[in-house]
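4 protein chains.
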Amino acid sequence: MKNKIPIGILGATGMVGQRYIQLLENHPWFEIAWLAASDRSSGKKYGEAAKWRLDTPLPRRVAEMTVSPAEPAGAPKVIFASVDAAIAREMEPAFANAGCAVVSNSSAFRMSPNVPLVIPEVNGDHLEMIEEQPSRQQSGGYIVTNPNCSTIGLVMALKPIEERFGIEQIFVTTMQAVSGAGYPGVASMDILDNVVPYIGSEEEKMEAETLKLLGRVDGHAVQPLQAGITAHCNRVAVVDGHTECVSLKLRRPATREQILQAWGDFRPLAGRDLPFAPEQPVEWAEQPDRPQPRLDRNRGRGMAVTVGRLRPCNLLDWKFVLLSHNTVRGAAGATILNAELLASLGKLEPAAVAAARA
Amino acid sequence: MKNKIPIGILGATGMVGQRYIQLLENHPWFEIAWLAASDRSSGKKYGEAAKWRLDTPLPRRVAEMTVSPAEPAGAPKVIFASVDAAIAREMEPAFANAGCAVVSNSSAFRMSPNVPLVIPEVNGDHLEMIEEQPSRQQSGGYIVTNPNCSTIGLVMALKPIEERFGIEQIFVTTMQAVSGAGYPGVASMDILDNVVPYIGSEEEKMEAETLKLLGRVDGHAVQPLQAGITAHCNRVAVVDGHTECVSLKLRRPATREQILQAWGDFRPLAGRDLPFAPEQPVEWAEQPDRPQPRLDRNRGRGMAVTVGRLRPCNLLDWKFVLLSHNTVRGAAGATILNAELLASLGKLEPAAVAAARA
Amino acid sequence: MKNKIPIGILGATGMVGQRYIQLLENHPWFEIAWLAASDRSSGKKYGEAAKWRLDTPLPRRVAEMTVSPAEPAGAPKVIFASVDAAIAREMEPAFANAGCAVVSNSSAFRMSPNVPLVIPEVNGDHLEMIEEQPSRQQSGGYIVTNPNCSTIGLVMALKPIEERFGIEQIFVTTMQAVSGAGYPGVASMDILDNVVPYIGSEEEKMEAETLKLLGRVDGHAVQPLQAGITAHCNRVAVVDGHTECVSLKLRRPATREQILQAWGDFRPLAGRDLPFAPEQPVEWAEQPDRPQPRLDRNRGRGMAVTVGRLRPCNLLDWKFVLLSHNTVRGAAGATILNAELLASLGKLEPAAVAAARA
Amino acid sequence: MKNKIPIGILGATGMVGQRYIQLLENHPWFEIAWLAASDRSSGKKYGEAAKWRLDTPLPRRVAEMTVSPAEPAGAPKVIFASVDAAIAREMEPAFANAGCAVVSNSSAFRMSPNVPLVIPEVNGDHLEMIEEQPSRQQSGGYIVTNPNCSTIGLVMALKPIEERFGIEQIFVTTMQAVSGAGYPGVASMDILDNVVPYIGSEEEKMEAETLKLLGRVDGHAVQPLQAGITAHCNRVAVVDGHTECVSLKLRRPATREQILQAWGDFRPLAGRDLPFAPEQPVEWAEQPDRPQPRLDRNRGRGMAVTVGRLRPCNLLDWKFVLLSHNTVRGAAGATILNAELLASLGKLEPAAVAAARA
């Protein structure tokens with residue numbers, strides 16, 4: 039790729055914004071060209087506006103960039119967005135109407151009928167819903183979203199099972215890392231020597247998003263999967279990595295070996311050469327006490343989901359544990375991979391991409 | 039009570055042994071008269087043999103006591119036991135055969151048909167099973183057990199619901215404190231910035247013990263509750279207090295208010311005047327993000343179970359969160375309350391008790 | 039005491055405000071009669087205005103009290119204050135001018151020449167400086183302060199040594215609990231698996247306050263102790279309890295036994311019967327790895343300082359470790375004990391006190 | 039390098055042994071050819087013998103290697119050792135006498151007069167002491183050691199200052215990560231919500247090793263630096279990364295800028311092309327609240343020391359904070375870099391190295 043695609047970041051100073059910057063350093067296709075954040079940050083150098091909380095240094099070039107106002111004027115045509123839902127509800131349509139491809143981690147439009155909610159390994163075909171968006175016809179712009187950080191690991195582990203055996207009931211309990219709440223986010227007084235068994239709206243998001251992601255495009259809309267799902271969401275004293283305990287009822291019987299096989303065979307993006315796609319999206323951990331966040335969250339450079347402890351469930355059919363990195367696979371990396379898939383499909387500024395790939 | 043009942047502690051240097059000592063300081067009915075631990079400790083002063091890990095000082099009188107060999111000779115007739123299952127399997131019958139009332143926190147005999155597994159608020163009537171034990175006829179001695187630390191909170195929250203509405207299915211995920219694994223127990227490298235989604239044999243214990251505790255004495259045996267149950271057990275970075283997420287399917291419909299009422303009305307020990315019985319065994323926390331271990335584990339001086347977040351479950355009927363202090367209510371306090379109930383029923387050295395209560 | 043002294047709390051919803059409420063429940067001399075907080079809370083019931091973070095229940099009577107505006111009109115004549123320095127700078131003089139005894143934990147006036155900075159066991163005689171305050175002459179009101187949470191443990195451990203041997207140089211490194219920063223205070227992202235080697239202005243406060251506390255009243259001012267002092271302040275992943283490593287150079291030689299003796303003999307309040315005064319203000323921990331926050335912070339009901347590891351220092355003379363509970367001894371309890379000393383000296387609404395003590 | 043140098047690892051299943059394996063994966067000069075551990079592990083596959091605790095996968099080739107008995111027969115001529123001091127005292131001389139270059143992280147011989155204690159950036163010239171070892175004359179074998187994990191960061195930060203300004207007094211307080219105690223090491227009950235202000239023998243090691251490392255070879259022995267030093271060592275709830283607060287008295291005056299310059303200029307290995315040598319051994323962090331373990335421990339791929347908060351000290355001259363990764367720079371990486379320096383000096387199996395470098 040000769041010329042990289044310039045991208046802009048909406049919400050650049052937040053935790054996910056910082057992850058975009060970290061992960062896009064040396065990205066072969068994309069280049070950060072524009073950063074926007076709240077009015078308070080606008081006009082400052084990024085290095086002064088952001089309190090960098092990641093364990094690799096803030097790239098010097100980015101530190102020197104000036105934070106722009108959060109307006110379409112002057113922004114590039116590809117926008118990575120991660121802002122509060124209330125703000126996203128106003129801003130993201132404004133950018134789409136101005137002709138931008140808004141690839142978003144925000145929750146505002148995930149459940150909108152004509153907005154694709156996508157995990158490339160799971161339901162890339164849902165991207166066609168962008169053609170249903172009014173802005174697409176008018177300006178070429180559109181919104182594409184990725185799921186909540188707790189949903190994404192679950193759905194990646196479920197998809198290979200749903201494909202082969204069908205899923206009828208899903209029971210999930212999460213133990214979520216503090217980075218999922220942003221910065222400053224969870225107060226240390228709330229999490230040291232403690233568990234908080236509540237995360238506002240999280241259970242509702244997981245339940246609704248999971249069924250939409252596993253659903254099918256049917257004419258002009260996505261039909262959600264017909265299955266039952268219930269979620270219990272908890273916050274625990276972990277920096278990065280959401281752990282989830284899952285029980286499943288299947289539509290057709292499956293042996294342990296068949297489920298392991300389904301996970302092992304699951305490589306839906308093989309051959310597409312997307313830079314952020316993990317070689318093995320769902321990795322099996324054979325040790326009896328895994329996956330664990332500190333030890334497994336970086337598998338597949340943070341983009342793989344690790345599953346373990348597959349065993350029979352007394353109530354449903356099977357139970358297991360899964361883990362995924364909530365700010366990489368579950369947020370910034372999810373957006374980037376969505377953008378990569380869009381680029382490879384020619385939906386991301388076709389001319390620029392074609393030039394760049396030549 | 040004029041004269042206290044002398045009791046001995048088997049496994050006195052362990053974490054639960056230390057809690058017995060802490061909780062029995064100033065107990066109105068019981069007095070520590072004898073301490074036993076492994077051969078390594080035998081003959082030493084307790085203050086030298088034990089690495090005291092609790093946040094109140096080791097009582098001076100106990101520190102000066104000499105640790106005895108773990109043999110019935112010279113031991114008092116009431117023994118509080120908390121030792122590894124393999125050791126309990128040998129030792130506890132030896133003490134029972136020698137005429138001791140062995141009130142045990144060990145797991146070895148919990149599921150034995152003629153050994154009562156008891157929570158006083160739940161199934162005190164199971165105590166009659168001691169009459170089925172051969173030692174009881176011969177020497178007067180017997181074994182009574184309390185459940186695993188993760189089982190006890192669950193069963194206390196379930197009992198009032200089972201009584202009024204019947205329970206058909208139980209789904210539970212635990213987030214358990216490190217003190218449950220004893221000392222040194224869980225390595226810090228395994229729990230800082232981490233979750234361990236596995237505790238050896240814990241899920242099997244929870245599943246089996248719960249049904250026995252909620253079962254009925256039928257002739258010479260306990261018939262376990264006919265219900266389905268599945269458990270997912272996890273270790274988290276909390277010092278004390280097990281948090282559990284529960285979903286339930288009931289046999290008869292219940293409204294939210296009816297369940298709250300059932301918990302509120304649950305005072306089965308009212309009037310018995312057992313020193314360790316909490317006034318309100320199941321406490322309701324109305325805040326949306328409770329119970330939490332750091333804030334709620336000491337309710338009822340560590341003997342109450344706190345419940346919260348009662349809400350409908352998409353798959354079963356209701357879901358909620360519960361919390362109990364795993365080394366007080368879930369271990370040492372459970373043994374003590376069992377012993378108190380035995381004493382009040384005249385089954386603990388009847389003569390001594392009668393004298394003491396006069 | 040027949041009638042309790044009514045007191046008001048300025049900053050009632052903060053972490054220290056909550057501790058005042060917790061610690062004053064059942065206080066034999068004082069009774070909470072008035073609560074004030076920010077404008078946002080004013081007019082609400084306290085139970086709704088405050089996010090209660092302590093591990094004992096919010097007293098029901100207090101939960102029902104209405105939060106008052108932070109103005110002297112309608113406030114009682116004794117005020118316990120813990121508010122941000124900028125706010126304290128305005129408010130505390132307003133209350134003093136209105137005739138209130140402002141017993142404050144705020145930092146605003148600690149170093150003011152005519153404001154006593156007091157630890158009852160250390161320098162109760164400094165209280166006479168209140169007579170130098172203009173408000174005292176005019177309205178009878180005045181301001182008395184207690185030190186920073188990291189200073190107080192240090193000075194209590196130093197005082198007995200300073201008295202007998204003189205202190206020339208003090209080297210101290212702190213490892214401070216997160217509760218010292220209030221709520222929400224330290225972000226969990228900043229402290230899980232981490233240390234923050236910086237607390238704004240903390241080193242300067244410790245250095246200046248320590249010398250003032252160990253100084254002498256000389257005419258109309260306090261002459262600080264002539265000694266060198268340097269502090270390194272750090273935040274660590276502990277909920278409550280500040281640990282401090284100290285090296286000292288003495289003016290006159292002292293043996294290990296003499297220093298232990300000085301600490302053991304230190305009971306300057308013996309006989310005064312102040313309810314919050316610990317029997318043994320400086321407790322010695324003989325184990326080689328103590329004091330530790332989780333195990334020792336509650337000694338003396340949180341009002342004692344624990345010292346340990348006294349050993350020779352290669353550079354100065356002696357080194358040791360100390361620990362104190364930062365929100366009890368180091369904040370709310372410090373204010374209460376100051377108020378108790380003022381009451382016993384007849385400086386707290388003399389008439390009311392006299393009536394109450396009768 | 040055509041042929042890599044085969045190396046063996048003594049203590050391969052421990053925490054540092056695991057780090058050797060992780061860090062040597064893809065090392066350009068060295069190749070793991072032999073693994074030894076305790077008798078219990080001998081004969082097993084490494085993947086079964088070791089409980090792998092690192093966050094990258096155990097290399098498959100190593101997992102399949104058979105653990106050898108800890109004896110020189112069959113071992114390669116270069117041994118990386120990290121075993122308990124008592125074991126090292128027996129084994130390391132046995133390997134040296136058998137002709138091996140023993141590059142050790144163990145503490146047993148660090149202070150022996152004829153054993154070099156080396157940090158390549160600091161005192162590579164001390165390596166000549168190996169010629170004083172009897173084994174060197176007889177078999178060619180020798181022992182070289184690296185310092186304790188808490189010493190190494192301190193000495194790297196001090197060396198550039200000592201060179202330019204001389205150091206007269208050193209005051210240091212450490213806050214050390216749990217990984218420094220190995221696995222299982224520190225119990226979780228001891229460190230959650232806690233600080234342990236004691237690490238056995240650590241203060242003595244830091245004090246003695248620092249002066250030897252900063253000393254000069256004088257004839258047949260190393261003359262330690264003539265300076266005063268006192269250490270306070272603490273364990274905190276951090277996985278990896280030791281934080282240290284330092285105060286220094288210099289022999290000649292230095293401004294803040296001069297000290298920053300000394301650190302910035304410190305590149306003693308520039309031009310040597312040692313694979314593990316960090317480009318900038320001492321990195322300056324300009325933010326006021328840095329360095330922090332979670333954010334800075336991986337600088338220079340874990341081989342750099344980060345310094346920050348340089349400011350005047352009221353008692354000595356300057357104070358600052360430093361941080362280093364205790365199991366990379368402070369242990370396994372230290373051994374590897376020592377071996378690289380030995381190789382580049384032709385002291386590591388000269389023939390093999392020459393062949394390999396050709």
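Chains as they are written, first to last, in this note's numbering: chain A, 39 to 396; chain B, 39 to 396; chain C, 39 to 396; chain D, 39 to 396.
Quick reminder that beta carbons are idealized off the backbone N, C-alpha and C, glycines included.
Just so you know, the alpha carbons of C/D77 and C/V105 end up roughly 9 Å apart.
Legend: CB atoms of the segment 91-108 of chain A lying less than 8 Å from CB atoms of chain C belong to residues R91.
Residue-level contact by beta carbon holds for D/N272 and chain C, with a gap shorter than 9 Å. The three-state reading of DSSP puts B/F209 in strand, counting E and B together.
Comparing alpha-carbon positions, the option among D/A269, D/P316 and D/L354 lying closest to D/R290 turns out to be D/L354. Nearest in C-alpha terms to A/A269, of all of A/D327, A/E245, A/A50 and A/G81, is A/E245.
Between B/P151 and B/E170, the C-beta spacing is below 9 Å. In the three-state scheme derived from DSSP, where H, G and I count as helix and E and B as strand, C/Q318 is classed as coil. Listed along chain B are R91, L92 and D93, each with a C-beta nearer than 8 Å to that of C/L333. Here B/V345 carries a strand assignment [DSSP, helix/strand/coil]. For D/Q261, the uninterrupted beta strand (DSSP E) segment begins and ends at A259 to Q261. In the assembly as shown, D/G309 is an exposed residue. Its beta-carbon has fewer than 16 other beta-carbons within 10 Å. DSSP places D/S145 in the coil class of the three-state scheme, outside both helix and strand. At a cut-off of 9 Å between beta-carbon atoms, D/M149 makes no contact with chain B. For chain D, the residues of the segment 225-255 of chain B that bring a beta carbon within less than 9 Å of one of its beta carbons are A225, S226, M227, D228, I229, L230, D231 and N232, in chain order. In this structure, the alpha-carbon of B/R337 lies about 28 Å from that of C/G46. For the pair C/T248 and C/L196, the CB atoms are nearer than the 9 Å cut-off. Ranked by Cα distance from C/Y58, the first of C/I117, C/V284 and C/I297 is C/I117.
In the three-state reduction of the DSSP assignment, C/I168 falls in the helix class, which pools H, G and I. Legend: CB atoms of the segment 336-370 of chain D lying less than 7 Å from CB atoms of chain C belong to residues R347, C351, N352, L353, K357 and V359. Separation of the CB atoms of A/A50 and A/L73 is rounded to 4 Å, and the pair is thereby assigned contact status at 8 Å. With the criterion set as a beta carbon lying under 9 Å from some beta carbon of chain B, the segment 175-203 of chain A has no members that meet it.
Using beta-carbon distances, D/A292 does not count as an interface residue toward chain C, since no partner is under 9 Å.
Annotated three-state conformation of A/D355 is coil, per DSSP. Taking a beta-carbon distance threshold of 9 Å, D/T373 does not count as an interface residue toward chain C.
Neighbours of C/G266 across chain D, judged by C-beta separation under 9 Å: N352 and L353.
For C/S120, the nearest beta carbon of chain A is not closer than 9 Å to its own beta carbon. At a cut-off of 9 Å between beta carbons, C/M213 contacts chain D. In this structure, A/F133 keeps its C-beta atom at 9 Å or more from the C-beta atom of A/A146. Comparing alpha-carbon positions, the option among A/S382, A/N364 and A/G302 lying closest to A/A219 turns out to be A/N364. Nearest in C-alpha terms to A/L307, of all of A/D334, A/V366, A/F68 and A/N376, is A/N376. The straight-line gap separating the alpha-carbon atoms of D/Q60 and D/T94 is approximately 8 Å.
In this structure, A/M227 sits away from C/S120, with a CB-CB distance that is not shorter than 9 Å. At least one beta carbon of chain B lies nearer than 9 Å to the beta carbon of A/A275. Around the beta carbon of C/G238, fewer than 16 other beta carbons lie within 10 angstroms, which makes this residue exposed. Secondary structure note for D/N152: it is in no alpha helix (DSSP H), with a DSSP letter that is neither H nor E.
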